[in-house]
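**Student:** Below: one structure in structure tokens.
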Amino acid sequence: MKSPIKVAVTGAAGHIGYALVFRIASGQMFGPDQPVALYL
Numbered sequence: 001m002k003s004p005i006k007v008a009v010t011g012a013a014g015h016i017g018y019a020l021v022f023r024i025a026s027g028q029m030f031g032p033d034q035p036v037a038l039y040l
């Protein structure tokens, strides 16, 4: 198992942040097999 990538998103409540968080969480940004620790 891979180590999770730590991602911090500031301004996650805005339109750009919302779209970015969705792409990160769905696996579109780092790949479907990459675990992510998401900090908002």
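2 is the number that our numbering gives to position 2 of the sequence shown; each next residue is one higher, with no gaps. We put the beta carbon where it would ideally sit given N, CA and C, even for glycine. Please read these numbers as outputs of a predicted model, since none were measured by experiment.
What are the residues that DSSP puts in a beta bridge with residue 6?
**Tutor:** The residue you call residue 6 lines up with position 6 of the sequence shown. Bridge partners of residue 6: 37.
**Student:** Give the DSSP-derived three-state secondary structure of residue 19 in the structure shown.
**Tutor:** The count along the sequence shown starts at 1 and reaches residue 19 at position 19. Looking at residue 19 - three-state DSSP - the assignment turns out to be helix.
**Student:** Work out the CA separation of residue 38 and residue 15 for me, nearest whole Å.
**Tutor:** If you number the sequence shown from 1, residue 15 lands on position 15. If you number the sequence shown from 1, residue 38 lands on position 38. Distance between the alpha carbons of residue 15 and residue 38: 17 Å.
**Student:** Return helix, strand or coil for residue 25, following the three-state DSSP convention.
**Tutor:** Within the sequence shown, the letter at position 25 stands for residue 25. Looking at residue 25 - three-state DSSP - the assignment turns out to be helix.
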